[in-house]
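There are 2 protein chains.
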Amino acid sequence: MPATAASQKNIKTILKQLENEGYNGISVDCVIFGFDEDELKVLLIKSDLKNFEDRWSLLGDLIDSNETLDGAAYRVLKERTGLEDVYLEQVKSFGEISRHPAARVITVAYCSLVNVQHYQLKKLDNELHWHNVRHIKEMAFDHKQILDACYLWLQKRIQEHPLGFSLLPKKFSLRELQNLYEAILGVRLDRRNFRKKFFSMALLEDTGEYEADVPHRPGKLYKFNYEKYQQKERKKWFGIDF
Amino acid sequence: MPATAASQKNIKTILKQLENEGYNGISVDCVIFGFDEDELKVLLIKSDLKNFEDRWSLLGDLIDSNETLDGAAYRVLKERTGLEDVYLEQVKSFGEISRHPAARVITVAYCSLVNVQHYQLKKLDNELHWHNVRHIKEMAFDHKQILDACYLWLQKRIQEHPLGFSLLPKKFSLRELQNLYEAILGVRLDRRNFRKKFFSMALLEDTGEYEADVPHRPGKLYKFNYEKYQQKERKKWFGIDF
DNA sequence: TTATAATTGTGTAAAATTTACACATTGCAT
DNA sequence: ATGCAATGTGTAAATTTTACACAATTATAA
Chain A
4 MPATAASQKN IKTILKQLEN EGYNGISVDC VIFGFDEDEL KVLLIKSDLK NFEDRWSLLG
64 DLIDSNETLD GAAYRVLKER TGLEDVYLEQ VKSFGEISRH PAARVITVAY CSLVNVQHYQ
124 LKKLDNELHW HNVRHIKEMA FDHKQILDAC YLWLQKRIQE HPLGFSLLPK KFSLRELQNL
184 YEAILGVRLD RRNFRKKFFS MALLEDTGEY EADVPHRPGK LYKFNYEKYQ QKERKKWFGI
244 DF
Chain B
4 MPATAASQKN IKTILKQLEN EGYNGISVDC VIFGFDEDEL KVLLIKSDLK NFEDRWSLLG
64 DLIDSNETLD GAAYRVLKER TGLEDVYLEQ VKSFGEISRH PAARVITVAY CSLVNVQHYQ
124 LKKLDNELHW HNVRHIKEMA FDHKQILDAC YLWLQKRIQE HPLGFSLLPK KFSLRELQNL
184 YEAILGVRLD RRNFRKKFFS MALLEDTGEY EADVPHRPGK LYKFNYEKYQ QKERKKWFGI
244 DF
């Protein structure tokens with residue numbers, strides 16, 4: 004809580020007043036997903052609050068008055084991981100009254116997808132760790148709830164939009180791609196049908212290169228053709244089903 | 004802007020400080036959809052700001068420090084329309100820095116679906132009007148952008164979840180239902196296939212009643228069976244396509 | 001060098017779903 | 001009673017999804 008020329012009491016009164024007028028703390032929290040060892044991981048930090056010692060929390064910060072929501076999320080991402088130009092999308096806002104023990108803080112949750120390889124090169128911080136998403140039991144604040152929401156969002160989103168490639172190297176094998184989908188969706192997929200599906204979309208480009216250092220026949224490496232995806236005429240939707 | 008015991012200057016300083024610390028104005032804005040005369044409508048109010056004279060705006064308000072986001076949206080909805088127990092869901096937050104001329108205000112957009120008939124009975128306010136969604140050109144603040152986002156959200160959502168019934172009377176004909184989908188999606192649908200689809204979902208219950216006051220053969224009236232929908236086992240998803 | 005193990009790469013037939021399409025029926029209005 | 005305007009219904013073709021097996025390639029071990 005801030006203190007300026009005015010006395011603490013005054014501040015408190017004003018703060019109360021401001022809160023009544025709609026002034027509350029606003030933060031962003033980033034759910035940063037990575038894919039490593041065929042598992043979906045999420046980047047967490049040890050909570051800095053006493054209330055939540057030994058608990059892990061998402062990477063977040065209060066929003067500055069001169070930055071947009073997206074801007075704040077990018078900033079957090081860059082400050083904490085050194086990464087830029089990563090996939091980032093707003094998912095949902097959370098505003099339970101006592102979700103933060105120190106004050107009323109409303110948070111806007113973002114989902115981010117990063118290539119774990121890139122990350123490793125940039126920054127080292129031993130308070131930051133990748134966690135297997137499926138092993139996380141409890142977290143600080145309402146962060147488990149936020150994580151769950153973002154994970155569900157991702158599961159749905161990845162089937163309708165080409166996000167997944169942000170989690171892979173530029174050049175990847177179809178096996179890697181399938182492992183990614185299987186890890187995120189938590190299902191096993193038929194290899195032949197999976198390949199057929201992606202080839203029929205005609206958005207994968209054959210690089211002519213092959214996997215290296217694998218103890219078996221190497222697979223072809225592909226890259227995703229974003230230009231082609233952009234130009235592709237969006238299918239007119241109609242698929243009522245629930 | 005509020006004023007208490009402290010001088011205006013102090014307030015301003017403190018406010019600035021607070022903003023730097025993440026204290027901003029937060030509001031909710033409700034995009035209230037209705038369905039009438041086979042058209043999708045949205046409920047708007049004349050803007051109360053001089054900057055936006057003659058412009059229409061969404062129904063919204065600052066969030067009180069002791070209410071949740073959902074709570075604030077429900078409150079706005081009730082205060083402005085007298086309606087309770089309506090469909091309401093959070094869609095997205097908007098935080099461009101100068102989106103509000105008076106101050107930095109971040110807003111959480113909600114989508115609400117109401118039965119226009121119910122509404123008419125409750126409240127009369129001639130600053131409030133239903134507008135055909137497709138005729139709205141410009142609005143106050145960034146509200147057109149918010150409306151567009153909510154409309155797109157609705158188009159997608161209505162195909163995957165049974166929201167649409169909130170826009171209809173409890174008992175409705177299949178023609179009404181189809182008109183609703185056609186109006187929202189902006190497409191024409193095959194009548195036989197539409198019926199087949201809904202019957203195959205087995206969630207419509209025949210009431211045994213028929214339309215009245217129609218200048219032609221009356222259609223059967225159905226109601227949506229929410230219990231059955233809840234119990235229905237969610238289909239395992241897998242439909243990669245983009 | 002040869003055999004083995006592991007994984008890539010490929011096609012087809014059956015099933016399920018989606019699409020296109022036409023006519024008899026019903027009730028109201030004249 | 002007749003005409004009008006919409007409801008209600010089925011089937012065949014096309015498309016999409018699913019299930020499933022074997023030959024080719026490379027690294028490794030014998």
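Going down the list, the sequences are from chains A and B.
The first sequence begins at 4 in my numbering and counts up by one.
The second sequence begins at 4 in my numbering and counts up by one.
C-beta: ideal position from N, C-alpha, C; glycine also.
If you reduce the DSSP assignment to three classes, tell me which class residue i lands in.
i	result
Ile243(B)	coil
His138(A)	helix
Lys95(B)	strand
Ala112(B)	strand
Gly74(B)	helix
Leu86(A)	coil
Glu40(A)	coil
Glu163(A)	helix
Glu208(A)	strand
Arg237(A)	coil
Val79(A)	helix
Val119(B)	helix
Ile100(B)	coil
Pro5(B)	Confidence in Pro5(B) is poor, its pLDDT being 41 and thus under 50, which makes the residue's placement unreliable; the coordinate value appears in the next sentence. Correct three-state label for Pro5(B): coil.
Asn69(A)	coil
Could you name the residues that DSSP lists as bridge partners for residue i?
i	result
Lys223(A)	Tyr213(A)
His132(B)	Leu47(B)
Cys33(A)	Leu62(A) and Tyr113(A)
Ser203(A)	Looking at the DSSP assignment, Ser203(A) forms no beta bridge with any residue, so it has no partner.
Phe175(A)	Tyr225(A)
Using the beta-carbon count (16 or more within 10 Å), is residue i buried or exposed?
i	result
Val136(A)	buried
Asp271(A)	Nothing can be reported for residue 271(A), as the shown portion of chain A is limited to 4 through 245.
Leu155(A)	exposed
Asn196(A)	exposed
Thr210(A)	exposed
Val217(B)	exposed
His219(B)	exposed
Gly242(A)	exposed
Assuming residue i contacts residue j under a Cβ cut-off of 8 Å, what Cβ separation, rounded to an integer in Å, is found between them?
i	j	result
Ser50(A)	Ala143(A)	4 Å
Ile139(A)	Leu150(A)	7 Å
Leu171(B)	Asn118(B)	7 Å
Asp79(B)	Val45(B)	Note that residue 79(B) is Val in the sequence shown, not Asp. Contact flag wrong, Cβ pair sits at about 15 Å.
Just to confirm, is the Cβ distance from residue i to residue j under 8 Å?
i	j	result
Leu61(B)	Cys33(B)	yes
Ser169(B)	Leu224(B)	no
Glu87(B)	Lys81(B)	yes
Leu65(B)	Ile29(B)	yes
Asp39(A)	Trp133(A)	yes
Tyr90(A)	Gly37(A)	no
Phe97(A)	Ala76(A)	no
Leu47(B)	Ile187(B)	no
Pro221(A)	Glu230(A)	no
Glu236(B)	Phe245(A)	no
Gln181(B)	Leu166(B)	no
Tyr232(A)	Leu206(A)	yes
Glu212(B)	Lys174(B)	yes
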